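Quick note on numbering: the sequence shown equals residues 1 to 423 in full-length UniProt numbering.
Note that beta-carbon positions come from the ideal geometry of N, C-alpha and C, so glycine has one too.
The structure presented is a predicted model; accordingly, all values stated were derived computationally and were not measured.
Working notes for the structure below.
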Amino acid sequence: MNLTEICDNAKKGREYALLGNYDSSMVYYQGVIQQIHKHCQALKDPALKTKWHQVRQEVMEEYEQVKIIVATLESFKVDKPVDFPNPLLEECPRDPAAKKNCQDEAGDGEPKKFDGTGYDNDLVDALERDIISRNPNIHWDDIADLEDAKKLLREAVVLPMWMPEFFKGIRRPWKGVLMVGPPGTGKTMLAKAVATECGTTFFNVSSASLSSKYRGESEKLVRLLFEMARYYAPTTIFIDEIDSICGRRGSSDEHEASRRMKSELLVQMDGVGGALENDDPSKMVMVLAATNFPWDIDEALRRRLEKRIYIPLPTAKGRAELLKINLKEVEVAPDVDLALIAEQIQGYSGADITNVCRDASMMAMRRRIQGLSPEEIRALSKDELQMPVTMEDFELSLKKISKSVSTADLEKYESWMAEFGSV
């Protein structure tokens, strides 16, 4: 008898009980009790046999506690009265067209709520919080430049929702799209714009959303994520910094739990597991991923993300547009030359440009409060602080704020795209 196996099974039984998965917990407890019983029969040392009998008794007491909890929960369940059916909870017909009509009618009442039967409620609630919005309200016009990326995303994601009859068979929608590029270039904004244009539910997922310290919970979270995505379909799952979740497998420092989670993610993203080959566009689940380190991504994941597009630094035109977008709520002095500033910030990312505009817009306030006491600062009126941003303010900001992306980094991105890009 393997004592390690007995310990592992007892540990799993306790963990499942703590997570609220009582059915699985009871199965493990029953197995442990039988294993200890067989082990006791094989022992010849009376003292050792007595100790194992005590262990078995303690495990049986824990098992009885779990059974009591299950019985208590069962007592709270009340069947729905036959004479008073709830119209919102009526089962929809299996025919897709009739099913959609049924869901539309139910939508006049309360919004759809995912039934997390079989999963811990805390896990379901945690993923529900990752639904940013049924409509993120970010449009293509809110994003400066990146016309090539917008065109590719429109063809890969948006058009299949608008023209479902065309995108079938060999023209079926792509399983996933990977956005590659330096930090701060607008990858998350593009993902939100895709969700808005499609009218899909938007899941914003990070490595923290899919990580758990309990054995087996990470892969369960991945499976739950895709089940919820199919329930709320059409859905866009945006996985930011996907390299932190699905790096190369087989490395020496890879943990077993991490490998299992990656395997589950790959299965769910594949055609069968992810339900991405469904001809019904209303059930489409699109996976959008973004990374700053594409060379660290697992090869199998790279295959499943069939479209791999580069999100570059903004062009001169894009930098000028970004300046206008960032300064639209700020009064700008007549001497400010946005075209000249756009030339000076060549090599800056969108996030860098936002930082420059933010710092420049604070310059007038800093000059006004310099040398004042806290009481005098609090006594200032709003009009005294609302002074226009000048060209000198931008020049001072540019001296303090440098670009965050190096030329060597850009060369690495371009080299990777030349080898693995799929646009």
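Does the beta carbon of residue i sit closer than 8 Å to a beta carbon anywhere in chain C?
{"i": "Thr188", "result": "Any reference to chain C falls outside this structure, which holds one protein chain only."}
Between which two residues does the alpha helix (DSSP H) harbouring residue i extend?
{"i": "Met161", "result": "Leu159 to Trp162"}
{"i": "Asn292", "result": "Segment: none, Asn292 is in no alpha helix (DSSP H) and carries neither H nor E."}
{"i": "Asp383", "result": "Lys382 to Leu385"}
{"i": "Ile377", "result": "Pro374 to Ala379"}
{"i": "Arg188", "result": "The residue asked about is misnamed: residue 188 is Thr in this sequence, not Arg. Lys187 to Cys198 is the span of the alpha helix (DSSP H), which, as asked, contains Thr188."}
{"i": "Gly13", "result": "Leu3 to Leu18"}
Less than 6 Å between C-beta atoms, sequence neighbours within five positions excluded: which residues of the same chain meet that for residue i?
{"i": "Phe394", "result": "Ile341 and Ala360"}
{"i": "Pro294", "result": "Val180 and Trp416"}
{"i": "Ser25", "result": "Gly13, Tyr16, Ala17 and Val66"}
{"i": "Met391", "result": "Asp335 and Val336"}
{"i": "Ala300", "result": "Leu266"}
{"i": "Ala10", "result": "Val32"}
Could you please give the first and the last residue of the uninterrupted beta strand (DSSP E) stretch that includes residue i?
{"i": "Val27", "result": "Not the beta strand (DSSP E): Val27 falls in the alpha helix (DSSP H), residues Tyr22 to Ala42."}
{"i": "Val180", "result": "Gly176 to Val180"}
In this structure, how does DSSP classify residue i when only helix, strand and coil are distinguished?
{"i": "Ile138", "result": "coil"}
{"i": "Asn204", "result": "strand"}
{"i": "Lys307", "result": "strand"}
{"i": "Phe394", "result": "helix"}
{"i": "Val272", "result": "Reliability fails at Val272, whose pLDDT of 38 lies under 50, so the model's placement of it is uncertain and the value that follows must be treated cautiously. Three-state result, Val272: helix."}
{"i": "residue 430", "result": "As shown, the chain starts at 1 and ends at 423. That puts residue 430 outside it, with no answer to give."}
{"i": "Ser402", "result": "coil"}
{"i": "Gly347", "result": "coil"}
{"i": "Ser209", "result": "coil"}
Please classify residue i as buried or exposed, where buried requires at least 16 other C-beta atoms within 10 Å of its C-beta.
{"i": "Cys7", "result": "exposed"}
{"i": "Gly109", "result": "Here Gly109 scores only 47 on pLDDT, less than 50, and its place in the model should not be relied on; the value that follows carries that caveat. Its Cβ having fewer than 16 others within 10 Å, Gly109 is exposed."}
{"i": "Ile36", "result": "buried"}
{"i": "Pro312", "result": "buried"}
{"i": "Arg378", "result": "exposed"}
{"i": "Leu305", "result": "buried"}
{"i": "Val356", "result": "buried"}
{"i": "Lys220", "result": "buried"}
{"i": "Gly199", "result": "exposed"}
{"i": "Arg367", "result": "exposed"}
I'd like to confirm the pairing. Which residues does DSSP put opposite residue i in its beta bridges?
{"i": "Phe167", "result": "Answer is none; Phe167 lacks a bridge partner."}
{"i": "Val285", "result": "Thr235"}
{"i": "Ala149", "result": "In the DSSP output, where bridge partners are listed per residue, Ala149 has none listed."}
{"i": "Ser422", "result": "Arg308"}
{"i": "Val332", "result": "Val389"}
{"i": "Gly318", "result": "Answer by DSSP bridge pairing: none, since Gly318 is not bridged."}
{"i": "Gly247", "result": "Ile297"}
For residue i, which residues in the same chain have their Cβ closer than 7 Å to its Cβ, ignoring the five residues on either side in sequence?
{"i": "Pro136", "result": "Lys192, Ala195, Thr196 and Phe202"}
Please return the same chain residues whose Cβ sits closer than 8 Å to the Cβ of residue i, not counting the five positions on each side in sequence.
{"i": "Leu73", "result": "Tyr22"}
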